[in-house]
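Asks: Handing you a structure now.
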Amino acid sequence: MAHLIKLEDYVSRYQSDLHRYPSQFTRMKKERWEFLKTEWERLQQADHTNIEQSQDEVLIEKEGSFFSQAVRKMKSWKAKRSQSNIEELDVEEEKEKMDPSLSLEQVKERFLQELFHSQLRWASSSLLEESSLHPRYKRDEVLRFFTQHLPDNFFVMYRPVFYIKKAPIELDIILITPNEVICVALLDGHEHSIFEASSERFWTEYIDQTKKKRISPLLSLSRMSGVIKPILEAEELSIPIRKVVLSPNGLIDGHLTGKKVEFIDQRNKADWHYKLAKNPSPIKHQQLKAAEVLLGYTHTMAFQRMENHET
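Take this note's numbering: the final residue in the sequence shown is number 451, and no numbers are missing along the way.
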């Protein structure tokens with residue numbers, strides 16, 4: 141699960157200590173999942189035990205009234221004994237409520253949803269400040285893909301706003317990996333969109349029987365590399381910069397020759413994701429340095445938090 145270190149011009153706690161928060165978030169994620177999985181297993185075992193007890197009680201009831209009375213007395217004694225602990229049990233149930241009928245896969249899906257919201261909070265708040273998170277990001281499937289389906293050794297900057305020569309510049313998506321920086325220009329489209337790379341400035345989008353002119357995503361890639369490359373070179377960081385045009389829902393046709401750009405669409409998205417997710421390298425010092433330097437050039441809009449505590 142990648143680290144969302146910058147979202148638009150929001151304040152991010154990664155900006156204050158990039159060496160601390162990646163390991164802290166990874167540890168929190170691991171502990172949270174282990175707790176939920178253990179709790180689910182406990183509930184499954186308890187449910188199985190209750191079923192067995194109910195079956196035993198039915199058999200005892202059939203044996204006669206003497207055993208029936210003994211069972212009722214035992215139930216009454218257990219109820220009285222546990223009465224003094226009701227408040228404590230209620231507190232524990234309030235801490236964590238889980239439906240025992242959920243499958244482990246459903247529990248995992250809820251865990252990922254919860255974790256995604258945590259990622260958004262960390263990318264829009266620090267201990268002292270916070271930014272107004274736009275509700276659309278909670279429904280942004282592309283953002284969810286980059287944060288939840290890439291490994292822990294990736295840093296993600298999603299539509300960051302850089303401040304260059306006293307002017308804000310909004311970029312698309314930047315992935316900072318242990319070995320390179322990947323600039324991703326997102327090409328939104330419909331499920332049946334076909335994009336024709338007709339020139340460097342304009343592309344054509346075909347949707348069923350209609351077509352419309354689109355600004356070429358190559359312009360966005362040129363802008364991103366034009367911002368990032370001088371910043372890294374000024375810090376003497378020799379990190380390769382890779383350029384990608386991503387159309388997660390559509391198809392890209394007519395690739396321009398002579399351009400060092402990868403075109404990812406419906407046909408090869410899964411393979412591209414597989415290669416990214418299998419990056420075995422740990423977070424590297426040069427990667428951290430590059431992320432810190434880039435964060436230093438980003439623009440931030442935030443206000444003082446009412447409560448200063450970790451969330």
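Ideal placement from N, C-alpha and C gives every residue a C-beta, glycine not left out.
#1: Please name the residue, chosen from His413, Pro380 and Thr166, that lies closest to Asn319 on a Cα-to-Cα basis.
#2: Here's a check: name, in chain order, each residue in its chain whose Cβ is nearer than 8 angstroms to the Cβ of Leu260, leaving out the five neighbours to either side.
#3: Quick check: the Cα distance between Val151 and Ser356, rounded to an integer number of angstroms?
#4: Report back the beta-carbon spacing between Pro388 and Val282 to the nearest angstrom; my notes put them in contact at under 8 angstroms.
#5: Three or more C-beta pairs closer than 8 angstroms, one from the region 417 to 436 and one from the region 304 to 317: is that the case here?
#6: By the three-class DSSP mapping on this structure, what secondary structure does Ile379 have?
#7: So, helix, strand or coil for Asp411, using DSSP?
#8: Per DSSP, what are the beta-bridge partners of Lys351 in this structure?
#9: If Phe251 and Ala142 are in contact, beta carbons under 8 angstroms, what's the gap, nearest whole angstrom?
#10: For Gln155, is the classification buried or exposed, using 16 other Cβ atoms within 10 angstroms of its Cβ as the cut-off for buried?
#11: As a quick exercise: from Tyr303, Ser265 and Asp239, pick the residue whose alpha carbon is nearest that of Phe443.
#12: List the DSSP bridge partners of Ser265.
#13: How far does the beta strand (DSSP E) with Phe285 in it reach, from first residue to last?
#14: Look up Val301 in the DSSP assignment and give the residues it is bridged to.
#15: How many Å lie between Glu269 and Thr166 at the Cα?
#16: Short check: CB of Arg153 to CB of Leu267, under 9 angstroms?
#17: Give the range of the alpha helix (DSSP H) segment to which His425 is assigned.
#18: Where does Leu242 fall in DSSP's three states?
#19: So for Glu340, helix, strand or coil by DSSP?
#20: So what does Asp393 bridge to, in DSSP terms?
#21: Rounded to whole angstroms, what's the CA-CA distance from Asp230 to Thr438? Just pull it up for me.
#22: Count the other C-beta atoms from every protein chain shown that fall within 10 angstroms of the C-beta of Met441, then say buried if there are 16 or more, exposed otherwise.
#23: Can you tell me whether Val470 is helix, strand or coil according to DSSP?
#24: My output table needs one value for His439: the three-state DSSP class, helix, strand or coil.
#25: Could you name the residues of the same chain whose beta carbon sits closer than 6 angstroms to that of Leu386, not counting the 5 residues immediately before and after it, in chain order?
#26: For Glu402, which of helix, strand or coil comes out of DSSP?
#27: With distances taken between CB atoms, is the gap from Gly390 to Glu345 smaller than 9 angstroms?
Replies: Inspection of the coordinates gives the following:
#1: Pro380
#2: Leu144, Leu147, Leu273, Tyr277 and Lys278
#3: 30 angstroms
#4: 6 angstroms
#5: yes
#6: coil
#7: helix
#8: Tyr346
#9: Contact flag wrong, Cβ pair sits at about 16 angstroms.
#10: buried
#11: Ser265
#12: Glu270
#13: Careful: Phe285 lies outside any beta strand (DSSP E), inside the alpha helix (DSSP H) at Glu281 to Gln288.
#14: Glu310
#15: 22 angstroms
#16: yes
#17: His425 to Gly436
#18: coil
#19: coil
#20: Glu336
#21: Confidence is the limiting factor: at Asp230 the pLDDT is only 32, short of 50, which leaves the residue's position unreliable, though a coordinate-based value still follows. Near 47 angstroms, if we compare the C-alpha coordinates of Thr438 and Asp230.
#22: exposed
#23: Any question about residue 470 goes unanswered here, given that the chain covers just 141 to 451.
#24: coil
#25: Val324, Leu326 and Ile404
#26: strand
#27: yes
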